[in-house]
Structure formats: structure tokens, C-alpha cells
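See structure below.
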Amino acid sequence: MRARFLYAALVALALVPFLPALIRGEVFTLRDHSDYFIPLHQYTTDQILAGELPLWNPLNGNGEQWLANPQTAVFYPPALVFLLLPFATAYVLFLALHVAVLAAGSFLLFRRWVDRGPAFFGAVCLSLSGPTLSLLDVSNNLRTFAWIPLVLWAALERTGTESRLPVTVPSTLLALLFLGGEPFLALVGALLFSIIAVSRKRSGALREIGQAGILAALLSMVQIIPFLGMLAGSDRASGFERELAFRESLHPADWSLLTLSPALSGGEGLIESSQSYIPILYAGTAVVFLALLGVAGALRRDAAHRSVVFAFTGLFAGVAVVAAGSHLGSAAEVLVALKVTVNRYPARLIPFGALAVCALAAIGAHSLRMSGRGTRAAALAALVALVAYSVSNHDPVDPAAVPLAAGLLALQGLLLLLMILKPDRLRLIVPLGLLVAADLLVAARPLLMTGPHPAELPAFVGGIEPSMKIARLPDLDRRSDSSRLDSLPGYTNLAAEVHNISTAAPVSDRRAMQLHDQALFTPDAALLRFMSVGYLITNRPLSAPGIAPVATSGAVRLHTLAGAWPMATLWKDSRPLEAVLNSFESPGAAIHLKPDGEAHIQRMGSSEAVVRISTDAPAMLVLNQLDAAGWTVSVDGEPAEGLRVGGLFRAVRVPEGDHLVHWRYAPPFFTIGLMISLLTALFLVMMTIHLSRSARGVVGWRNRRARR
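Residue numbers (this note's numbering): 7 to 714.
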């Protein structure tokens, strides 16, 4: 009953950060919430509710594979909440669910080594820590990270000497890691699972890894196949260039911010660090103190517990090294040169460091009962020093928050003092956990800003012609958050239903990105016209022939670009166009051609594009949407040969007269991947039922034998 009460308390505490948004019917607005993940999930939900599988998104870039992107969470089971509830409520509950999963999974994991109270303390601190709540606006990272403690627990249980955990559990959890939407963190989780299985030194460890890994891969095949297809030929296929490699790296010295509350120290409610991917690193002074106590007490413990302390210490050290990224010096340069910099944001590993710290804190709290007098004196001195350091950087920007934050810190210090002086008062660890939770929530206020949904977009989007695209000039990336929606950043063009070639998609076609950069960084007006860019968004004056400002929103100006080609055009003689674009050396300087006619786009959706044309001579129809494996075309219902203009855009030859051209999209092997995933899911369900019945049969036989 006590364990169930603590589980319920963990879930209740996990909901606390989300209650204001749920009560007001609002959504979070910080950073990627408003301009990336909210429109991403809204668009995906709208497509599914309209009865369409969102295979393709024609509005982003020059068209992009949508279902193939794991961030869309099309096949992620918890994402069903978007289909069942109003969007604003579903979005907030979707995030709350993963914080609750993280809390419950951490409690289950920590209970393997410590009592319920210390495990509760560690789970609360991890689920509400700054590194965890900083993932709210990059929810694909949160979705994957939330399952990590359960994956570690399953690895330990499955490889135990008397394991009763069926292989279906770890395989399902590993599949959820990938379906959660962050492949890099999923690989880290799979690596940790494998390390645990091997380190247990049980015969058949490799078989355990293989079984779970294969079943997880088969279960995820519906997402893996499209994802691998999207990576081929993308900007991720050959690593990152020097200027993109190791963005948002964390300097090792910045780990000291784990003890510095943003409520007491500088910044605009935040403390600046060497990276901005994780805005708040604060995990609590009490947590760091107990973690240090856990490490210091490792030598006094038995070999089994000592190995656990060393394992989490090693995890923290490994995270610190990898998260350092560009701060690795010559080692970083070598990785860049070898094009193996797949980890563009090393700071995303910081939550794994927080996991290690909170696990060590739970162990440290548990070890207080075994402390001798000398150890307690040393711990008391360390506590005083750590608290003094935590308040030494006192430069508040919100004086109203100082009394509350200082009071919470003082109460934590008092409880820790009592626990040090009287180790038998370990029951105080639960109240200490509640105080740390309150402290963390006060510090996390900048992460929990809310606003109405849908967000108000610039008024000028209503005047943008559907047959034209918009582009954002690069200087807009340096603007402040206060007016970031004015420039339609990220996926906000989805809400406005306009085509934006400058959408920062997680994976983009490499050649299309080259064309985009060549057109915008100059900028090259001729090349932009070819790409059907009829509008430019910028916050600086533009003076060039054919470019004129037409509207403003805040500091942002919308300009028209005269002479831009419509997205669907007819060419009676396509040879000059092909000759220019296929060379691909300086297409912008040479494109002075004009199409012979415009076609009428009847529909451009998630799996098809329909264009009606009328021509008095044989011609080539060009649709300025990216081509990809899986696109087929027909003219008046008859299959036709699909062509590519410049190796990028879709085209087809048509005879004279009136015709209906229909492009359809069916990703190769998608159906096969779907069938594999469905059959694997059915197999796992049947295996679970069989194992459950077998277990009940064994228990019943043992009971009958005992009665005899």
C-alpha cells in the first residue's frame, strides 16, 4: 500500500507543472512549442481526422516526407490522445504523461537498490528537474528519455538470475524509445540496455540482447523503413559541416549549475551556460549533496552496491565527455574531419547526467542510516559548503521570487541537517523530496509559460497567393523570441497554410538545401523566381529590381518578388531549362527563361497532387515539388513516365489538349513495414497471454501441491 501511495503521489506531482495550462485551456509557448511541435502535431492530427495518412507534407520546404519523420509520432501509441481530446488539452496531457512515466519508471528502477523513501526522492527530483522540464519544448527528446529508466529496469530484471520478466517487455520498451521520435537518444538507450545485459555476466546475455533488439526492430519497422528511406540522400547522410557540428555543446565547468537555482541568480529567469538547448540545468542543492554522499559512501558498501554507484558515476562521466562536444579540443576536430558528428546537439544528453545524479542521490539518502559519527561530521561540513556555494551567485532579476526560493533552500538544509545528525530519521526523505519538488517548480517557471491556442499569426498571411511560396532571409534567425511568430518560423506555415521553402525540417534533401542556400544567402532573385518564391520575409530593407514591400508585422516586412513562376508551369520546349538546371553550377545566373503557360493545381495533399492543364502543343508539365521514391504519375488515368527537372522537381510530358495529371505517393516498402509491425505486435500479444497463463498454471500447481 505504501508503494502504491508513492506511485500515486509521483503521478500527482508530475501533473503539477501542467495544471495551470490545463485549467486555462492553454498550451506552452516557449521556443519550439509554438513554432514547431504544436503546428507539427496539429497538422498531423488534422490529416488523420480527415481520414488521410500524412505520408507527405507539401507545405514545408519544397515538400517533405512527413510520416517518415519519427517526430510526427504517427505510430507512437500515446499520441492517440490527440485523436480523443481537444488539441490544447491533448498537447499538455501528452507532455504530462511522459513526465509521469519518467517518474514512475525511475521509482521502479531506484527501488532495486534503495528503500521506498529514497527511491521516491530520486524519482521526484529527476522528473521535475531543470534538465527534464527543459525537454518540454523538444518533446521528441522527452518522449524517448521518459522510457529510459524503464528500459534500464527491464534490462536488469530480464538478465537477473531468477527473472520472470518475459522478453516482450524489454522489446516493447525498446520499440517505444525509437517510436518516441529521437533516434539518437533511442540508440543511447539501446546501448545502455546492451551494456547492462553484458555486464551481468549471465550466460546467454548476447541472446537476450539479440531477442529484444530484433523484436523491437520488427515492432518499429513501420517507422524504421520510411525513416531510413528519408535519410538516404539527405543532409544527414554524410555528417555535418564544421559550422553545424557539435552545436549546443556544454562546457564541463557548467555542470556546477546543477546547484544554482535560476530563481536566485542572473539571466532573464535563467542562468546562462555554454549552450541553450537545455535552458535550466538546476537539479537542486540537496540532490547534488546526496549524490556526492552516495559516491563518497561507495567504498563502505558491499560489492554489489558499490558497482551500482560506479556504474552511475561512469554514466555521468560519459555524458559529461560527450556533451562537451566542441570543448573537446583536438578530438572534436578529428570527429568533424571524419564526418562522424551525428550528435549535432551534444547538450541533449544532459538529462542522462541528471538521471545519474538523481540515482546517486537516492543511494546517498539510503546510506545515511549507515553513517558513523566521523562521516556525519564530514557530511555536515560538505552541506554547509555546498549551500554557501549555491547562494554565492546571488544576482536576482525577480526579487519577488527570492524569499520563496531562499525559504525552500533553507528548509531543505534544515531537513538534511536533521537527517545527518539523526540517521534513523530517514523518513524525512519524503518531505525533503516534496520541498525539492517545490524548489524545482519555482526554478522552472520560465519553462512553463502558456498562451492561447491557436497562436495569433501575422495578418499578412491571408494575402499570400496559394500558388506561390515564401522564403525567410537568414538574418531572421537572430531576432528575439518576442516577435518570432511574425516571421512564420519553423512549422508555423502549416497553421497559415502557406508554402515555406525555409522550414527548418530535422532532415532535408541535401540537393534541395544546396539550392535553397544558394538562392537565399546571396540572395539570387532569378533562382528564387524559378523556385516559385513570390514572397520574401525579412527584418531589413531590401532594394532590388522587382522586390517591393507590401506588409509589416512587428519588425518583419513581407516583400513581393515580381515574375516568380507559379508552382505548376507548362514548357513547350524544355531543353534550355534542362540544360541550365542539370549543370547545377550557377543556375540562378542563367535562369532567364519564362514558362509557356500556367497549370491549375486542383489539389496538393498528403499523398497526391492533381493538376489540370490545357495546352495547344505537346509540352512538359513541371510541378515545383520535390520528387522522391514512391511518387508515380498518370495523365487522364493512364500511367506516364515521371521526370525530374534539375534532379529535384516533378515533371511529366503531356500531349496537346486538356488533361488531368495525377501524382500519387506510396512510399516504397511502407506496406511491408506496416505488415511486419502488425504481425510482430500480434505475436507479442499472443506470447504475453501464453506466458501469463503458464505462470498462473505453475502457481496453481504449487498451491495444490502445498495443500496436499
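Idealized CB from N, CA, C, for every residue including glycine.
The structure presented is a predicted model; accordingly, all values stated were derived computationally and were not measured.
Item: Are A330 and P357 touching if we call contact CB-CB under 8 Å?; Value: no
Item: Starting from S620, follow its DSSP beta bridges and name the residues at the other end.; Value: D664
Item: Once the 5 residues before and after V22 are set aside, which same chain residues still bring their CB inside 7 Å of it?; Value: L447
Item: How should Q608 be labelled, buried or exposed, when 16 other C-beta atoms within 10 angstroms of its C-beta is the threshold for buried?; Value: exposed
Item: Exposed or buried, which one is V390 when buried takes at least 16 other CB atoms within 10 Å?; Value: exposed
Item: Alpha carbon to alpha carbon, how far is E58 from T50?; Value: 9 Å
Item: Please work out which residues of its chain come closer than 7 Å, Cβ to Cβ, to R30, disregarding the five sequence neighbours upstream and downstream, and give them in chain order.; Value: T456
Item: Take the Cβ of K475 as the centre, count every other Cβ of all protein chains shown within 10 Å, and call the residue buried at 16 or more, exposed below.; Value: buried
Item: Let's test the definition: count the other Cβ atoms within 10 Å of the Cβ of L19 and tell me whether it reaches 16, buried, or not, exposed.; Value: buried
Item: How about Q418 and V442: do their beta carbons lie closer than 8 Å?; Value: yes
Item: Taking only runs of the alpha helix (DSSP H) that begin and end inside the stretch 114 to 150, which ones reach a length of at least 4 residues, in chain order?; Value: 122 to 134 and 136 to 139
Item: Can you list, in chain order, the residues of its chain whose CB lies under 6 Å from that of F24, leaving out five sequence neighbours each side?; Value: V98 and A102
Item: Flag this pair as yes or no: are the beta carbons of A570 and V539 separated by less than 8 Å?; Value: yes
Item: Skipping 5 residues on each side, what residues in its chain have a beta carbon closer than 8 Å to that of P567?; Value: Position check: residue 567 holds Leu in this sequence, whereas Pro was assumed. Once the five neighbours on either side are set aside, the close Cβ partners of L567 are A531, L534, R535, V539, G540, Y541, L542, G552 and I553.
Item: Going by the beta-carbon positions, is the gap between A371 and F318 smaller than 8 Å?; Value: no
Item: Taking buried to mean at least 16 other C-beta atoms within 10 Å of its own C-beta, is T528 buried or exposed?; Value: exposed
Item: Less than 8 Å between the CB atoms is what I'm expecting for L263 and L298, so what's the real figure, rounded?; Value: At roughly 16 Å, the Cβ-Cβ gap does not stay under 8 Å, so L263 and L298 are not in contact.
Item: How close, in whole Å, do the beta carbons of V660 and T621 come, if the pair is a contact with beta carbons under 8 Å?; Value: 7 Å
Item: Is it buried or exposed, I695, if we count other Cβ atoms within 10 angstroms and call 16 or more buried?; Value: exposed
Item: With a CB to CB cut of under 8 Å and the five nearest residues on each side skipped, what residues in its chain are close to F655?; Value: N68, V628, L629, N630, Q631, L632 and D633
Item: Can you round the beta-carbon distance between P452 and P674 to whole angstroms, since I take them to be within the 8 Å contact cut?; Value: With 8 Å as the limit, P452 and P674 do not qualify as a contact, their Cβ atoms being about 45 Å apart.
Item: Determine, using beta carbons only, whether E647 comes closer than 8 Å to chain B.; Value: The chain inventory of the structure shown lacks chain B, comprising one protein chain alone.
Item: When the Cα of P460 is compared with those of L91, V17, V325 and S40, which residue comes out closest?; Value: S40
Item: Can you grab the Cα-Cα spacing for the pair W72 / T78, in whole Å?; Value: 7 Å
Item: Please go through the same chain and pick out, in chain order, the residues whose beta-carbon is closer than 6 Å to the beta-carbon of L2, but skip the five residues on each side of it.; Value: Outside the modelled stretch of the chain, which goes from 7 to 714, sits residue 2, for which no answer is possible.
Item: Which residue comes first and which comes last in the beta strand (DSSP E) that contains Y13?; Value: Careful: Y13 lies outside any beta strand (DSSP E), inside the alpha helix (DSSP H) at R8 to L21.
Item: In angstroms, rounded to a whole number, what distance separates the CA positions of P176 and G187?; Value: 18 Å
Item: Relative to the C-alpha of A557, which candidate in N506, G469, P137 and H311 has its C-alpha closest?; Value: G469
Item: Mind checking G136: buried by the 16 CB within 10 Å criterion, or exposed?; Value: buried
Item: Suppose the cutoff is 8 Å on Cβ atoms and the five residues either side in sequence are ignored; what does the same chain contact list for L463 look like?; Value: L491, L494, T498, A501 and A502
Item: Quick one, which of A181, L180 and Q229 has its alpha-carbon nearest M681's?; Value: Q229
Item: Quick one, which of H668, R206, A625 and A152 has its alpha-carbon nearest T638's?; Value: H668
Item: So L183 and T150 are in contact, right, with Cβ under 8 Å, and what is the actual spacing, rounded?; Value: 5 Å
Item: Which residues in the same chain as R517 place their Cβ atom closer than 7 Å to its Cβ, once the five residues preceding and following it in sequence are excluded?; Value: G653 and L654
Item: A211 lies in the alpha helix (DSSP H); which residues open and close that run?; Value: A211 to L225
Item: Can you give me the C-alpha to C-alpha distance between K578 and V658, rounded to a whole angstrom?; Value: 12 Å
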